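> In UniProt numbering, the protein residues as written are 1 to 333.
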Amino acid sequence: MNNQQESDFIAIGDITTDAFIRLSNPSAHTRLDKQKLELCVNFGDKIPYESVDVIPAVGNSANASVCAAHLGLRTALVTDLGDDPNGKECIESLTKNGVSINYVTAHKDIKTNYHYVLCFEDDRTILVKHENYPYKLPALGATNSVYLSSLASSAGNYYEEIADYLETNQKIILTYQPGTYQVKAGITGFERIYKRTDIFVSNKTEAQRILRTNESDIRKLLDGINLAGPKNVLLTNGPEGAYLKTENGRCLFMPPYPDPKPPVNRTGAGDAYAATFSSAMVLGIPPEEALRWASVNAMAVVQKVGAQRGLLTRNEIENFLQSAPKNFTAEGL
1 MNNQQESDFI
11 AIGDITTDAF
21 IRLSNPSAHT
31 RLDKQKLELC
41 VNFGDKIPYE
51 SVDVIPAVGN
61 SANASVCAAH
71 LGLRTALVTD
81 LGDDPNGKEC
91 IESLTKNGVS
101 INYVTAHKDI
111 KTNYHYVLCF
121 EDDRTILVKH
131 ENYPYKLPAL
141 GATNSVYLSS
151 LASSAGNYYE
161 EIADYLETNQ
171 KIILTYQPGT
181 YQVKAGITGF
191 ERIYKRTDIF
201 VSNKTEAQRI
211 LRTNESDIRK
221 LLDGINLAGP
231 KNVLLTNGPE
241 GAYLKTENGR
251 CLFMPPYPDP
261 KPPVNRTGAG
271 DAYAATFSSA
281 MVLGIPPEEA
291 LRWASVNAMA
301 VVQKVGAQRG
311 LLTRNEIENF
321 LQSAPKNFTA
331 EGL
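(1) Can you give me the start and stop residues for the beta strand (DSSP E) that Ala324 sits inside?
(2) For Arg219, does the count of other Cβ atoms within 10 angstroms reach 16, so buried, or fall short, so exposed?
(3) Can you find at least 3 beta carbon pairs, one from the region 91-98 and one from the region 49-67, that sit closer than 8 Å?
(4) So, are the CB atoms of Leu221 and Pro287 less than 9 Å apart?
(5) So, helix, strand or coil for Ala19, using DSSP?
(6) From the beta carbon of Ile285, is the nearest beta carbon of chain C less than 9 Å away?
(7) Do you know how far the Cα of His29 is from the Cα of Ile47?
(8) Could you name the residues of the same chain whose beta carbon sits closer than 8 Å to that of Ser145, not counting the 5 residues immediately before and after it, in chain order?
(9) CA-CA distance, Ile234 and Ile199?
(10) Do Asp18 and Ile110 count as a contact pair if the criterion is CB distance below 9 Å?
(11) Let me know the secondary structure DSSP gives Asn97 once reduced to three states.
(12) May I ask you to report which of helix, strand or coil DSSP gives Ser279?
(13) Please classify Ser202: is it buried, with 16 or more other beta-carbons within 10 angstroms of its beta-carbon, or exposed?
(14) Which of helix, strand or coil does DSSP assign to Gly332?
(15) Quick check: what's the CA-CA separation for Pro263 versus Arg309?
(16) Distance, Cα to Cα, Thr75 vs Leu37?
(17) Going along the chain, which residues of its own chain have a beta-carbon closer than 8 Å to the beta-carbon of Asp84, five neighbours each way excluded?
(18) Under 9 Å, do Thr276 and Val296 count as touching if we go by C-beta distance?
(19) Under DSSP, the alpha helix (DSSP H) around His115 begins and ends at which residues?
(20) By alpha-carbon positions, which one of Gln182, Gln177, Ala269 ends up nearest to Pro230?
(21) Can you name the residues that DSSP bridges to Arg83?
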């Protein structure tokens, strides 16, 4: 579907269905080996599981589009999927969440992406597979912002199309949240996207991989990404909080919002953080306050299974902030 329409927020990226498979002891265990936590199962065994929860219409960009819609933005998603039952279910879910499907393209004889999320305690490991779609950027209607994230490794020429579009439309606020393949590739091949980016978001580990470094100094990581072009650089670090280097050079630390109860699953927390911060900036919210919004929404998401069920509206976020601890504020680094 390629009907033009005006939007506040257009997300571009792959969509998938996630099957959350919850493992438990004694079927699985964790092992800390050289500072790396591993999920371990016995090879060759039949591994029992507690439950499976199948959630359609997820993925970085799909999650971002739903998040933005919850916050009151007119939102659309540019994505490719299969003309199959999973694809139809994804479209239904997007529509239900208030996301325009005018730029969703269904392909015959290609499957909709389907990922498996192995959940253990409050964390997860995701088995991913991106189908190779014949990507082509549709004619987009007027928009205030674009949110670009995970695409298959075969999307090289598609990125050139997107870069052409963004360079022609300089007033659009671009948020770039690199996906698995883009993190692995680093900056090489994506120079035009980095130079055009207004808001860059990744977690700390991803930033290290992008920069090909073991550097742990957060300031150096912020500076490294900033030198590639992004005006604002946001690096999340799980339950330890997040770090931001703003367009004017300020470096801030944002602590996490206190969990009201132990997290159920951390899937989608990073997407919620990135999309909420981006949406708030599009709405004209100052970066310090946008960080507070993002932390609240990330907290809410981890209280439920999946990346979307816990997403809050603007009013709900503001209600949380009214009762936030006094020290819940961005601090200078």
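Backbone N, C-alpha and C fix where the C-beta goes; we use that ideal spot for every residue, glycine too.
None of the values given here were measured: they were computed from a predicted structure.
Here's the rundown:
(1) Per DSSP, Ala324 belongs to no beta strand (DSSP E) and is neither H nor E.
(2) exposed
(3) yes
(4) no
(5) strand
(6) The chain labelled as chain C is not found in the depicted structure, where only one protein chain is given.
(7) 12 Å
(8) Asp8, Phe9, Ile10, Ile172, Ile173, Leu174, Thr175, Ser278, Val282
(9) Reading off the sequence, residue 234 comes out as Leu, not Ile. Leu234 and Ile199: Cα-Cα distance of roughly 7 Å.
(10) no
(11) coil
(12) helix
(13) buried
(14) strand
(15) 13 Å
(16) 37 Å
(17) Lys111, Thr112
(18) yes
(19) Careful: His115 lies outside any alpha helix (DSSP H), inside the beta strand (DSSP E) at 113-120.
(20) Gln177
(21) Checking the sequence, you will find Asp at residue 83 rather than Arg. In the DSSP output, where bridge partners are listed per residue, Asp83 has none listed.
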